[in-house]
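Colleague: The structure is given below, and queries will be raised subsequently.
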Amino acid sequence: MKSYLLLSALALSITACGTNFSGQFDIKEPLTFVNLSPRQAKSRAECQAPDKQNSKKCISLQKQIDKNTTIIKQGVYNADVISGKKEITLKIQKPGSSKTLQELSFKMANGINLPRYSGEISLSPQQTGQSFGVQGIFDTEELDSETTHTTESCKYRVAYRWCGNVTVNDPKTGQSRQVYRCQTRYRTQYGSQDVAYYYRYTDKEIILNLVKADGSVVGEYYGDHHGSNKIYAYQGYCNTGYRGYY
């Protein structure tokens, strides 16, 4: 079966605030991945010119391409997707392992962000710099729980004035001595407060297709992400019983 060449710029840094999706990647045909840096990818495009293919630079680049080539067989693989603001990364896992077999990263063009909630993306091979484009759908559903009214523990720091003897070292004599000084110090006050809160449950889904220029799909990914956030609608005064007398 024919193998298609896919070029990938590895993403070594991922936005911390991105959404992590877990799912499966269905590879329709054997795929050959070549990991290139942005500079190598640019040089490879330049080496396509007939008058440069046999140059020393292009021959050296081809050796690097051969060394960094990975062929992934047709099949279904566990895979994770990290979706940030400007970049989306697909991590294909080794069968029966949590280790990464291959990593693909796609950056959005200037002025275009990935959907935060729901939306679509469509990148041509020219935009991805790969031999394939990317078509994707993001979908988000949110559900809020009932509001809970209760009392929770709380704390805050209180500044106070402290005066007393402290030990200081004399740099000239190297000896220590006691001196009387006043300082601002802090103590933590513990108490309780009335609160009202609810949970927001978020379900996200993502579908990504790797599509060749002729429209045929060489890979399909489906993943989801489930999360929840505790949201306070009201937080009352933290009652510690502290009256400020010390």
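Residue numbering for the sequence shown follows the numbering used here, beginning at -19 and increasing consecutively. We put the beta carbon where it would ideally sit given N, CA and C, even for glycine. Remember, predicted model here, so these are calculated numbers, not experimental data.
Skipping 5 residues on each side, what residues in its chain have a beta carbon closer than 6 Å to that of residue 200?
Modeller: Stepping through the sequence shown from its first residue, residue 200 is reached at position 220. Excluding positions up to five away in sequence, the list reads 6 and 189.
Colleague: Using a Cβ-Cβ cutoff of less than 6 Å, which residues in the same chain neighbour residue 119 once the five nearest sequence positions on both sides are dropped?
Modeller: What you label residue 119 is simply residue 139 of the sequence shown in a count that begins at 1. Hits under 6 Å: 98 and 185.
Colleague: Tell me where the alpha helix (DSSP H) around residue 108 begins and ends.
Modeller: Start at 1 with the first residue of the sequence shown, and residue 108 comes out as number 128. Taken as a continuous stretch (DSSP letters only), the alpha helix (DSSP H) holding residue 108 covers 105 to 108.
Colleague: Could you work out which residue in 87, 210 and 59 is closest to residue 176 when comparing CA atoms only?
Modeller: Here residue 176 is taken as the residue at index 196 of the sequence shown, counted from 1. It is 210.
Colleague: Quick check on the DSSP output: the alpha helix (DSSP H) that includes residue 46 runs from which residue to which?
Modeller: For the purposes of this step, residue 46 is taken as the residue at position 66 of the sequence shown. It spans 36 to 47 - the alpha helix (DSSP H) in which residue 46 sits, taken as one unbroken run.
Colleague: Taking one C-beta from the stretch 45 to 61 and one from the stretch 72 to 86 each time, how about it: are there three or more such pairs within less than 8 Å?
Modeller: Contact holds: three or more Cβ-Cβ distances are below 8 Å.
Colleague: Residues bridged to residue 66 by DSSP?
Modeller: Against the sequence shown, residue 66 aligns to sequence position 86. Answer is none; residue 66 lacks a bridge partner.
Colleague: Verify whether the separation of the beta carbon atoms of residue 42 and residue 20 is less than 8 Å.
Modeller: Sequence index remark: in the sequence shown, residue 42 carries index 62 (1-based). Sequence index remark: in the sequence shown, residue 20 carries index 40 (1-based). Contact: no.
Colleague: Is there contact here, the stretch 128 to 146 with the stretch 156 to 172, by at least three beta-carbon pairs under 8 Å?
Modeller: Because the criterion of three Cβ pairs below 8 Å is met, the stretch 128 to 146 and the stretch 156 to 172 touch.
Colleague: Can you list, in chain order, the residues of its chain whose CB lies under 6 Å from that of residue 193, leaving out five sequence neighbours each side?
Modeller: Indexing the sequence shown from 1 puts residue 193 at position 213. Same-chain partners within the cutoff: 105.
Colleague: Can you check which of these residues, 191, 29 and 205, is closest to residue 112 by C-alpha distance?
Modeller: Taking the sequence shown and counting its residues from 1, one reaches residue 112 at position 132. The option with the nearest alpha carbon to residue 112 is 191.
Colleague: Give a yes or no on whether the C-beta atoms belonging to residue 139 and residue 166 are separated by under 8 Å.
Modeller: Counted from its first residue, the sequence shown places residue 139 at position 159. Counted from its first residue, the sequence shown places residue 166 at position 186. It is a contact, given that the beta carbons lie within the stated cut-off.
Colleague: So, helix, strand or coil for residue 9, using DSSP?
Modeller: Your numbering for residue 9 matches position 29 in the sequence shown. The answer is coil: DSSP assigns residue 9 none of H, G, I, E or B.
Colleague: So what does DSSP say about residue 155, is it helix, strand or coil?
Modeller: As a first step, residue 155 must be located in the sequence shown, where it is residue number 175. Looking at residue 155 - three-state DSSP - the assignment turns out to be coil, as it is neither helix nor strand.
Colleague: Spatial neighbours of residue 221 within its chain, please: C-beta separation below 8 Å, excluding the five flanking residues on both sides.
Modeller: Position 241 of the sequence shown, counted from the start, is the residue given in the question as residue 221. 171.
Colleague: Would you decide whether residue 3 is buried or exposed? Buried here means 16 or more other CB atoms lie within 10 Å of its CB.
Modeller: As a working mapping, residue 3 is identified with position 23 in the sequence shown. Classification of residue 3: buried, given that the 10 Å Cβ count is 16 or more.
Colleague: Candidates 66, 73, 91 and 39: which alpha carbon is nearest residue 59's?
Modeller: Counting from 1 along the sequence shown, the entry for residue 59 is found at position 79. Checked all of 66, 73, 91 and 39; the closest Cα to residue 59 is 73.
Colleague: Assuming the contact rule is C-beta atoms closer than 8 Å, residue 86 and residue 62 should be a hit. Round their C-beta distance to whole Å, please.
Modeller: Sequence index remark: in the sequence shown, residue 86 carries index 106 (1-based). Sequence index remark: in the sequence shown, residue 62 carries index 82 (1-based). That pair is no contact at about 11 Å.
Colleague: Under the rule that 16 or more other beta-carbon atoms within 10 Å means buried, what is residue 108, buried or exposed?
Modeller: The sequence position of residue 108 within the sequence shown is 128, counting from 1. Answer is buried; the Cβ neighbour count reaches 16.
Colleague: Report the residue from 204, 203, 133 and 57 whose alpha carbon sits nearest the alpha carbon of residue 77.
Modeller: As a first step, residue 77 must be located in the sequence shown, where it is residue number 97. Looking at the Cα atoms, 57 is the closest of the given residues.
Colleague: Where residue 216 and residue 207 are concerned, what is the direct C-alpha to C-alpha distance, given to the nearest angstrom?
Modeller: One-based indexing of the sequence shown puts residue 216 at position 236. One-based indexing of the sequence shown puts residue 207 at position 227. Each residue's alpha carbon lies about 27 Å from the other.
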